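124 is the number that our numbering gives to position 123 of the sequence shown; each next residue is one higher, with no gaps.
Where a beta carbon is used, it is the ideal one built from N, C-alpha and C, also for glycine.
Since the model is a prediction, treat every value here as computed from it, not as a measurement.
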Amino acid sequence: MKLAIVVNTERKEAVLLAKELTGWLDRKRIGYVLESLSAEKLGTGPSAKIDDLNRLCDLFISLGGDGTLLYTSHYSETKPVLGINVGRLGFLTEFSKDEMIATVEKVVEGNYSIHNRTQLEAITMDNGREQRMRALNDVVIEKGAYPRIPTFVIWLDGELLGSYRADGIIIATSTGSTAYSMSAGGPIIAPKSSVFVITPICPHMLTVRPIVISDDKIIEVSVDAQSGEFPLNCDGRITRMLQPQETVTVKKSDALINLVANEDRDYCEILRTKLLWGREHSLNLPE
Numbered sequence: 002m003k004l005a006i007v008v009n010t011e012r013k014e015a016v017l018l019a020k021e022l023t024g025w026l027d028r029k030r031i032g033y034v035l036e037s038l039s040a041e042k043l044g045t046g047p048s049a050k051i052d053d054l055n056r057l058c059d060l061f062i063s064l065g066g067d068g069t070l071l072y073t074s075h076y077s078e079t080k081p082v083l084g085i086n087v088g089r090l091g092f093l094t095e096f097s098k099d100e101m102i103a104t105v106e107k108v109v110e111g112n113y114s115i116h117n118r119t120q121l122e123a124i125t126m127d128n129g130r131e132q133r134m135r136a137l138n139d140v141v142i143e144k145g146a147y148p149r150i151p152t153f154v155i156w157l158d159g160e161l162l163g164s165y166r167a168d169g170i171i172i173a174t175s176t177g178s179t180a181y182s183m184s185a186g187g188p189i190i191a192p193k194s195s196v197f198v199i200t201p202i203c204p205h206m207l208t209v210r211p212i213v214i215s216d217d218k219i220i221e222v223s224v225d226a227q228s229g230e231f232p233l234n235c236d237g238r239i240t241r242m243l244q245p246q247e248t249v250t251v252k253k254s255d256a257l258i259n260l261v262a263n264e265d266r267d268y269c270e271i272l273r274t275k276l277l278w279g280r281e282h283s284l285n286l287p288e
């Protein structure tokens, strides 16, 4: 087995962790390839551009936070991704830095299991050509620099859902429900739930609320505005600027992301740990 290693080079701790990992792999004579920018920061190799890692390697290791894992997943395609958390919350990166070596050893031995995660696919037309983009967490359309509050028109399977005046619209998978959608007031959805959630960002009306829909629905969104350009983000990356009345079609992707699972941790524990649920019971607050 050959491992692809992607490092968040902006985090000193992640770089130090990568040096520890590559040193261990060298001693064990286990093959690996560093993403080129990671290799440049570490001052070691072998290395390759991230676009080539899927062809060269069997499994990806992401050293960073959830953002690093999302970035890695766009290039891993169906290859498994092992996320080591060097970030803050770390909902996707289930393994801690203390678990890294033992986990990698199990993975190399073939002793691991996989969590399959559904992705979204956003489809637009660009100069008459169809453009397709995938997202593990969410597809977001925002008002950007538009000076007024635009109206977002949403259709489900060809039926009008509603017209929302808001700063933006988030369409999230169950995986992405604990990311931007949650911060905008959306519900937490257990992984592998066959649903998407549509969450408005700062809606102009109090009656506008997030809605959970089946993941077999086809969602169409357009921005009703007289002028301006509106950022279309897939997993936090601006993929293009939308014009007024331009339609984005969002649906379930045929491609799954495969994450190496932490069998010693369940989702309820992750929620309690990351969101500090129940901590108030252990605090001695003054009356």
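Span of the beta strand (DSSP E), counted from its first residue to its last, around Leu-35: For the purposes of this step, residue 35 is taken as residue 34 along the sequence shown, with counting starting at 1. Note, Leu-35: beta strand (DSSP E), 33 to 36.
Assigned exposure category for Pro-151 - 16 Cβ within 10 Å defines buried: Residue numbering aside, residue 151 sits at position 150 when the sequence shown is read from its first letter. So Pro-151 ends up on the buried side.
Residue burial classification, Gly-84 (beta-carbon count within 10 angstroms, cutoff 16): Indexing the sequence shown from 1 puts residue 84 at position 83. Buried.
Arg-1 - partner residues in DSSP beta bridges: Shown here, the chain extends from 2 to 288; a query on residue 1 therefore has no answer.
N- and C-terminal bounds of the alpha helix (DSSP H) containing Ser-74: In the sequence shown, the residue the question calls residue 74 occupies position 73. Ser-74 -> alpha helix (DSSP H) spans 67 to 77.
contact_flag[the region 65 to 77, the region 5 to 13] where n(CB pairs < 8 Å) is 3 or more: yes
Unbroken alpha helix (DSSP H) run spanning Asp-52, endpoints: Position 51 of the sequence shown, counting from 1, holds the residue named residue 52. 51 to 57 is the span of the alpha helix (DSSP H), which, as asked, contains Asp-52.
Separation of Ala-136 from Thr-292, as counted between CA atoms: For residue 292 there is no data in the structure shown, the boundaries of the chain being 2 and 288.
Which listed residue (Ala-123, Lys-98, Leu-70, Val-34) has its alpha carbon closest to that of Asn-259: Against the sequence shown, residue 259 aligns to sequence position 258. Measuring from the Cα of Asn-259, the nearest candidate turns out to be Leu-70.
Touching by the beta-carbon criterion (3+ pairs, under 8 Å), the region 227 to 240 and the region 184 to 203: no
Own chain partners of Gln-246 with C-beta closer than 6 Å, once the 5 adjacent residues on each side are dropped: By one-based count along the sequence shown, residue 246 stands at place 245. Hits under 6 Å: Ser-223.
Limits of the unbroken alpha helix (DSSP H) element including Lys-107: The sequence position of residue 107 within the sequence shown is 106, counting from 1. That run of the alpha helix (DSSP H) goes 101 to 109.
CB contact flag (Ala-262, Ser-114, <8 Å): Reading the sequence shown from its first residue, position 261 is the one you call residue 262. Reading the sequence shown from its first residue, position 113 is the one you call residue 114. It is a contact, given that the beta carbons lie within the stated cut-off.
Stretch pair the region 120 to 131 + the region 238 to 258: three plus CB contacts closer than 8 Å: yes
C-alpha distance - Ser-228 paired with Glu-143, whole-angstrom precision: The residue you call residue 228 lines up with position 227 of the sequence shown. The residue you call residue 143 lines up with position 142 of the sequence shown. Distance between the alpha carbons of Ser-228 and Glu-143: 14 Å.
Anticipated Cβ contact below 8 Å, Val-198 with Ala-173, distance rounded: Numbered from 1 along the sequence shown, position 197 holds the residue referred to as residue 198. Numbered from 1 along the sequence shown, position 172 holds the residue referred to as residue 173. Right, their Cβ atoms sit about 5 Å apart.
Whether Pro-294 touches Pro-188 by CB criterion (8 Å): There is simply no residue 294 to check, as the chain begins at 2 and stops at 288 in what is shown.
Start and end residues, beta strand (DSSP E) containing Lys-252: Residue 252 sits at position 251 when you count from the first residue of the sequence shown. Segment 248 to 253, the beta strand (DSSP E) holding Lys-252.
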